[in-house]
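Chemist: In this text, residue positions in the sequence shown follow the numbering used here: the first is 17, and each later residue adds one.
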Amino acid sequence: MSVMKSRSESNVSSGTHGSNDTFKISSEHLSEQKPWNGKRLSCTSLPMDIADTQINDSRFSSASDVDGKINYMRRLSKNYGVPIDLYHHQSIPNSTSYVNEAYLETPTKDINFKLNIKGRHPLKIDIPEINVQFFDIKSAEENDEQQDCIEKTRIKLKRFLKKHSKYIKLLLFILYNIYLGFAIHRTWSQTKCYCDGVKFLVLLTAIVYFFMLYYLVLKKYVIAPCFRVIKEKLIKKLTKQPFVKTYLSPIIWFTILIMFVTFAIYISSKNLRRLTSAAGILGFIGIGYLLCPHRSRINWTPVFWGLTLQFLLAVFVMRSDFGKTFFKCLGDKVTTFLSFTDAGSSFVFGYLVTGEFQGKEIPIQGGIMAFKVFSVIIFFSFVTSILYYYGIMQVIVGKVGWFLQKTIGTTPCESLSASANIFLGMTEAPLLIKPYVSLMTKSELFAIMTGGFATIAGSVLAAYVSFGVNASHLLAASVMAAPSALGLSKLFYPETEESKTSHKALSIEQPNVLEAGANGACQAVKIIANITANLIAIIAFVYFINSAFSWFGSLLGAEYITFEWLLSKIFVPFAVLLGVDWQDVENVATLIGLKTVVNEFVAYKKLVEMKNAKILSQRAEIIATYALCGFSNFGSIGIQIGALGTLVPSRRPLLAQLGVKAMIAGSTVTLVSACFAAVSLFDHFDEPEQRWLRAGLFATFGMSGIIPAAHWAVAEGFLIAAHLDFLGCLLAMGISYLTGAIIYALRIPERFNAGKFDYWFSSHQLFHVFVVIGSVLHNKVVYLLVYYRLQLIEG
Numbered sequence: 017m018s019v020m021k022s023r024s025e026s027n028v029s030s031g032t033h034g035s036n037d038t039f040k041i042s043s044e045h046l047s048e049q050k051p052w053n054g055k056r057l058s059c060t061s062l063p064m065d066i067a068d069t070q071i072n073d074s075r076f077s078s079a080s081d082v083d084g085k086i087n088y089m090r091r092l093s094k095n096y097g098v099p100i101d102l103y104h105h106q107s108i109p110n111s112t113s114y115v116n117e118a119y120l121e122t123p124t125k126d127i128n129f130k131l132n133i134k135g136r137h138p139l140k141i142d143i144p145e146i147n148v149q150f151f152d153i154k155s156a157e158e159n160d161e162q163q164d165c166i167e168k169t170r171i172k173l174k175r176f177l178k179k180h181s182k183y184i185k186l187l188l189f190i191l192y193n194i195y196l197g198f199a200i201h202r203t204w205s206q207t208k209c210y211c212d213g214v215k216f217l218v219l220l221t222a223i224v225y226f227f228m229l230y231y232l233v234l235k236k237y238v239i240a241p242c243f244r245v246i247k248e249k250l251i252k253k254l255t256k257q258p259f260v261k262t263y264l265s266p267i268i269w270f271t272i273l274i275m276f277v278t279f280a281i282y283i284s285s286k287n288l289r290r291l292t293s294a295a296g297i298l299g300f301i302g303i304g305y306l307l308c309p310h311r312s313r314i315n316w317t318p319v320f321w322g323l324t325l326q327f328l329l330a331v332f333v334m335r336s337d338f339g340k341t342f343f344k345c346l347g348d349k350v351t352t353f354l355s356f357t358d359a360g361s362s363f364v365f366g367y368l369v370t371g372e373f374q375g376k377e378i379p380i381q382g383g384i385m386a387f388k389v390f391s392v393i394i395f396f397s398f399v400t401s402i403l404y405y406y407g408i409m410q411v412i413v414g415k416v417g418w419f420l421q422k423t424i425g426t427t428p429c430e431s432l433s434a435s436a437n438i439f440l441g442m443t444e445a446p447l448l449i450k451p452y453v454s455l456m457t458k459s460e461l462f463a464i465m466t467g468g469f470a471t472i473a474g475s476v477l478a479a480y481v482s483f484g485v486n487a488s489h490l491l492a493a494s495v496m497a498a499p500s501a502l503g504l505s506k507l508f509y510p511e512t513e514e515s516k517t518s519h520k521a522l523s524i525e526q527p528n529v530l531e532a533g534a535n536g537a538c539q540a541v542k543i544i545a546n547i548t549a550n551l552i553a554i555i556a557f558v559y560f561i562n563s564a565f566s567w568f569g570s571l572l573g574a575e576y577i578t579f580e581w582l583l584s585k586i587f588v589p590f591a592v593l594l595g596v597d598w599q600d601v602e603n604v605a606t607l608i609g610l611k612t613v614v615n616e617f618v619a620y621k622k623l624v625e626m627k628n629a630k631i632l633s634q635r636a637e638i639i640a641t642y643a644l645c646g647f648s649n650f651g652s653i654g655i656q657i658g659a660l661g662t663l664v665p666s667r668r669p670l671l672a673q674l675g676v677k678a679m680i681a682g683s684t685v686t687l688v689s690a691c692f693a694a695v696s697l698f699d700h701f702d703e704p705e706q707r708w709l710r711a712g713l714f715a716t717f718g719m720s721g722i723i724p725a726a727h728w729a730v731a732e733g734f735l736i737a738a739h740l741d742f743l744g745c746l747l748a749m750g751i752s753y754l755t756g757a758i759i760y761a762l763r764i765p766e767r768f769n770a771g772k773f774d775y776w777f778s779s780h781q782l783f784h785v786f787v788v789i790g791s792v793l794h795n796k797v798v799y800l801l802v803y804y805r806l807q808l809i810e811g
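1) Any idea what DSSP makes of His794, helix, strand or coil?
2) Below 6 Å CB to CB, which residues in the same chain sit around Leu325 once its five sequence neighbours on both sides are set aside?
3) Taking Lys621 as part of the alpha helix (DSSP H), name the residues at either end of that continuous run.
4) Quick test of the definition: if touching needs 3 or more C-beta pairs under 8 Å, does the region 669 to 686 touch the region 626 to 636?
5) Taking 8 Å as the cut-off, decide whether the C-beta atoms of Thr466 and Ala619 are in contact.
6) Quick one: residues in its chain with C-beta nearer than 6 Å to the C-beta of Phe701, no 5 flanking neighbours on either side, listed in chain order?
7) CB-CB under 8 Å to Val495, same chain, minus the five flanking residues each way: which ones, in chain order?
8) Closest to Thr357 by CA distance: which of Lys349, Phe396 and Val331 is it?
9) Kindly indicate which three-state DSSP category Pro428 falls into: helix, strand or coil?
10) Whether or not the region 605 to 615 and the region 450 to 462 are in contact is what I'm after, with contact meaning three or more pairs of Cβ atoms, one per stretch, closer than 8 Å; do they touch?
11) Output the distance between the C-alpha atoms of Lys349 and Ser482, rounded to the nearest integer angstrom.
12) As a quick exercise: from Tyr480, His780 and Met442, pick the residue whose alpha carbon is nearest that of Gly468.
13) Is the beta carbon of Leu644 less than 8 Å from the beta carbon of Glu625?
14) For Val277 and Thr317, what's the separation of their Cα atoms in angstroms?
15) Output yes or no for whether 8 Å exceeds the beta carbon distance between Ile200 and Val218.
16) Could you tell me which of Gly595, Ser720 and Val319 sits nearest to Leu288, measuring between CA atoms?
17) Give the C-beta separation of Leu687 and Ala715 to the nearest angstrom, bearing in mind that I take them to be a contact with Cβ-Cβ under 8 Å.
18) Since Leu420 and Ser435 are thought to touch, with beta carbons under 8 Å apart, how far apart are those beta carbons, to the nearest angstrom?
19) Where does Gln656 land, buried or exposed, given buried means 16+ other C-beta within 10 angstroms?
20) So, is Gly417 buried or exposed, given that buried needs 16 or more other C-beta atoms within 10 angstroms?
21) Looking at the unbroken alpha helix (DSSP H) that takes in Tyr195, where does it start and where does it end?
22) How is Ala294 classed by DSSP in three states: helix, strand or coil?
23) In angstroms with no decimal places, state the Cα-to-Cα distance between Met749 and Tyr183.
24) Quick one: Cα of Met679 to Cα of Ser648, how far?
25) DSSP three-state call for Ala574: helix, strand or coil?
26) Could you check if Glu430 is buried or exposed, using at least 16 other CB atoms within 10 Å of its CB as the buried criterion?
27) Rounded C-beta distance between Val802 and Leu250? I'm assuming under 8 Å.
28) Measure the Cβ-Cβ separation of Leu354 and Val392 and say whether it is below 8 Å.
29) Hey, could you find the ends of the alpha helix (DSSP H) Arg313 is sitting in?
30) Just the Cα atoms here: how many angstroms apart are Thr207 and Phe216?
31) Taking DSSP as the reference, what is the three-state secondary structure of Tyr799?
32) Expressed to the nearest angstrom, what Euclidean distance is found between the alpha-carbon atoms of Pro258 and His780?
33) What does the Cβ neighbour count give for Ser696, buried or exposed, with the cut at 16 atoms within 10 Å?
34) Does the beta-carbon distance from Ala690 to Ile639 come in below 8 Å?
35) Less than 7 Å between C-beta atoms, sequence neighbours within five positions excluded: which residues of the same chain meet that for Ile812?
36) Report the three-state DSSP secondary structure of Asp212 (helix, strand or coil).
Spelled out as structure tokens, the structure:
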């Protein structure tokens, strides 16, 4: 080992040896090779950073390998002897090292020293004069030995786990499946539905195993090769056809529009308010078109795709048995999970959370919101931080963003931000795309802002659930808003520039566990402080405004005039477009006004009060839940501009210019979600006559496959037909459709086992399974027929 040589040698001037005495030491004194009698040398002058000491040795990874240098000096000390305290003022405070007789930090970075070692004794040590002190070393050596033992144990354990990770995972996998088997054997018959007990565990296990099978086997060895073949042999040939290029897209969108209009008219046959909700969707789209600054540049493809996905999600949640069961189960689990917050908050705050005062004669009161509801935000932020640390949230956000990008056609940055807004707030979601914000076009920035206004953060969603708002509808509203926000943002502000982020491969940063926990805690505290301050100020101000309006009205004999009354009149047109029943119009208008002018927190609090007082009907309550689910209010404009302005200060004027319009676009998204929910709130499809209508329709689909296949086999011969792939798929398609129709029409299996298939494997669900299989085979048949015809033409 070699170290850079110092500028000058030191002279000796020794003093009296005592526990607190200071003296000067030089190379002549060190050459005597005398032990230090259990005393430790400690630098009292300002040390040089160890990382700056250049040690030219292959055993160190770099010149800044501090740990390597420290460990090397410790090994030297154990061989040669003198204990010294080396102080590293940044990363290694008070670390002890042992070097041969004297290996001291120099007082300045300009002075270095040279240590030449041959055998067990140094030939020469050149060091500058340094002030040192003596003190007892015995207890410090014991602590060092304990720390070394713990560190060695930790390193060995880490290496063992890394070396045998495969075997450990296999062992855990086997043990889990053994446990699952015993659980199924003992408690399966005692569990009523798949949302509880061992059936819920089996469902989660099946989902996990499916994704393992998909990513480890199917995606790599089945789906990817098939997609490459289809893309090369079919898609490329079809896209080159002039008819496909010119007319395919308009035909698709015209068909979707006709289907939606027909659907809306049909379901409105028994309730005209649903038709009003469908008209409201067109009305809100018209508002976006009128406010668009570049109407000729509107790309209707993302607009229609966003609205289509929003509508399909609404039908899935409101009408589908599986969708209703799924979101109800998910909402119940979220509510139960968040209720565990009471255990921690009641331990700290006691009766302020539970309302259970000491004493038998004192009745139970309601918990105080600042201690009960806000504690939920802390717990939810804590859990979210853990999920981010382990990468679970990154996977969910990334997959949802990829899906939105592929379906709607937006850029990766826009899609990722929109998917993140489902779980995060308007200030946190843009941080995921922080490096790209400065490169975004005006339309992309507008889409980011619209997504923030159109959704709510997961932490405040937890607070609304604790209020008593239906968790399943809140979750559905958050998911539905993501595609619609992207679509309507392209209507309000279409793209007029060339995007610089359209081909960026985005990655989400994964912090360490300490950073994740600290960020989660700080984020929760900031959110609570912000909510508390705003609630105190805003609610007080609303009551003041109410009192002022009432006082002015009383002078005219109209004491009923208040701020909320005024809002109920101003926002009546929006409530009417939502399709709310007439007796609930003014109440829903009041909630929309509070949400827009004040904030959604106050509006949801008012909604719960109306719900408990039974002022609103169930239909109006559901529609209002969707209409209020967003940060689109005037106060949030400043928050949004401030958050994005810190990422791109140079574009703050542009953000201020887009702020109000983005808030209007976000409000439109929530109102359109409410319209789709209102349109989907029908129940007469469960009537018996509709069951036979749908069964007959899909039975016809089935026969359309079976009859041509049979005719081809008879006409061409069974031996020839057996070698044609598309005939087998055509026959399988027809059988699948026909089987689903028969099961659905005869209500199998619940006809023979009443009450046992209320949640899963009912005739309705089996019907959809066979229909999906039939549709997949239908697409396969079309592909094979086209390929077969192309071969005949080429041949």
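Heads up, the beta-carbon is just placed ideally off N, CA and C, and yes, glycines get one too.
Quick caveat, the model's predicted, so the values are computed rather than measured.
Modeler: With the given structure in hand:
1) helix
2) Pro499
3) Glu616 to Asn628
4) no
5) no
6) Bear in mind that a pLDDT of 38 at Phe701, under 50, signals an unreliable position, so the number given afterwards is only what the model happens to contain. Once the five neighbours on either side are set aside, Phe701 has no close Cβ partner at all.
7) Leu329 and Ile438
8) Phe396
9) helix
10) no
11) 13 Å
12) Met442
13) no
14) 18 Å
15) yes
16) Gly595
17) Leu687 to Ala715, Cβ: 40 Å. No contact.
18) 6 Å
19) buried
20) buried
21) Ser181 to Thr203
22) helix
23) 44 Å
24) 5 Å
25) coil
26) buried
27) 7 Å
28) yes
29) That residue, Arg313, is in no alpha helix (DSSP H); it is neither H nor E in DSSP.
30) 9 Å
31) helix
32) 42 Å
33) buried
34) yes
35) This structure does not reach residue 812, given that the chain is present from 17 up to 811, and the question cannot be answered.
36) coil
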